[in-house]
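Peer 1:
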């Protein structure tokens, strides 16, 4: 049943304001400040969401933070979240372990436009934590590989120790289902890094990008402008580019205005937007 109190895109849940209990089944520190959680609904129900949608995760007495699903909807019995320890709420959540519970409001927002991507060449460009929400789409595409044409993935991190989902990286490097390219901004001798060194746009010289490619971008704000400059050189129109915006979202249902950009609310009109929707909104990127 759709929520009757706001213009939301999440008909799967009856009350968007009521959190649901999720049981943590596994945890793992991915870096010194970034933790990976595997969860399932405490009531045993199936997980239902679209790639690119978000959750609001909370712990009683501390507050609530927005996070992207890190798993594809093809994974029905569990879902994964990644939390970077940067503030009061995220620090409290990162103290949780397997067997503990957290409260979740989900799914929220508008995800990646699967109907527009099917049957097309798809390219994902993920920088830093941008690999987390885009992983939901990456896994969806690899699980349903015959529904898409070529699939290219660029992933960049500050240094080798900041690369996330290292088990996935091993698979992607050898997979025939994805043309995978990775880079780090910098490294030191102890890292023993043998891959590309440089910002993520240096990967464009290694891959062929045609104007008919559908491109998804997610990463730190500084990255978008320079990636768009490279896509312009490849004659990719703005209509073919989708951006997953990182904005501070509070309520998740378009009520508080924290994430408002002119007439757009990132939490309900996004977080995924066509780049052409944001052309006239300088503060969006």
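In the working numbering, the protein residues as written are 564 to 848. Note that the Cβ used here is the ideal one computed from N, Cα and C, for glycine as well.
Would you tell me roughly how many angstroms separate the C-alpha atoms of residue 574 and residue 802, rounded to the nearest one?
Peer 2: Model confidence at residue 574 stands at a pLDDT of 44, short of 50, so the residue's coordinates are unreliable; what they give is reported in the following sentence. Those two C-alpha atoms are separated by around 27 Å.
Peer 1: Among all the DSSP beta bridges, which residues are the ones paired with residue 597?
Peer 2: DSSP lists 647 as the beta-bridge partner residues of residue 597.
Peer 1: Mind the definition here: the segment 610-620 touches the segment 661-681 only if three or more C-beta pairs lie below 8 Å; say whether that holds.
Peer 2: yes
Peer 1: Start and end of the alpha helix (DSSP H) containing residue 705?
Peer 2: 694-706
Peer 1: Which whole-angstrom value is the C-beta distance of residue 790 and residue 704, which I expect to be below 8 Å?
Peer 2: Going by Cβ atoms, the distance from residue 790 to residue 704 rounds to 19 Å, so no, they are not a contact pair.
Peer 1: Starting from residue 626, follow its DSSP beta bridges and name the residues at the other end.
Peer 2: Residue 626 is bridged to 622.
Peer 1: What residue does the alpha helix (DSSP H) around residue 731 start on, and which one ends it?
Peer 2: 729-737
Peer 1: Going straight from the alpha carbon of residue 735 to that of residue 832, what length do you get?
Peer 2: 31 Å
Peer 1: Just list the residues that DSSP pairs residue 719 with in beta bridges.
Peer 2: 690, 746
Peer 1: Where do the N-terminal and C-terminal ends of the alpha helix (DSSP H) with residue 784 fall, by residue?
Peer 2: 784-796
Peer 1: If you run the structure through DSSP and keep just helix, strand and coil, what is residue 543?
Peer 2: In this structure the chain extends from 564 to 848, so residue 543 is not present and cannot be described.
Peer 1: Can you tell me whether residue 655 is helix, strand or coil according to DSSP?
Peer 2: helix
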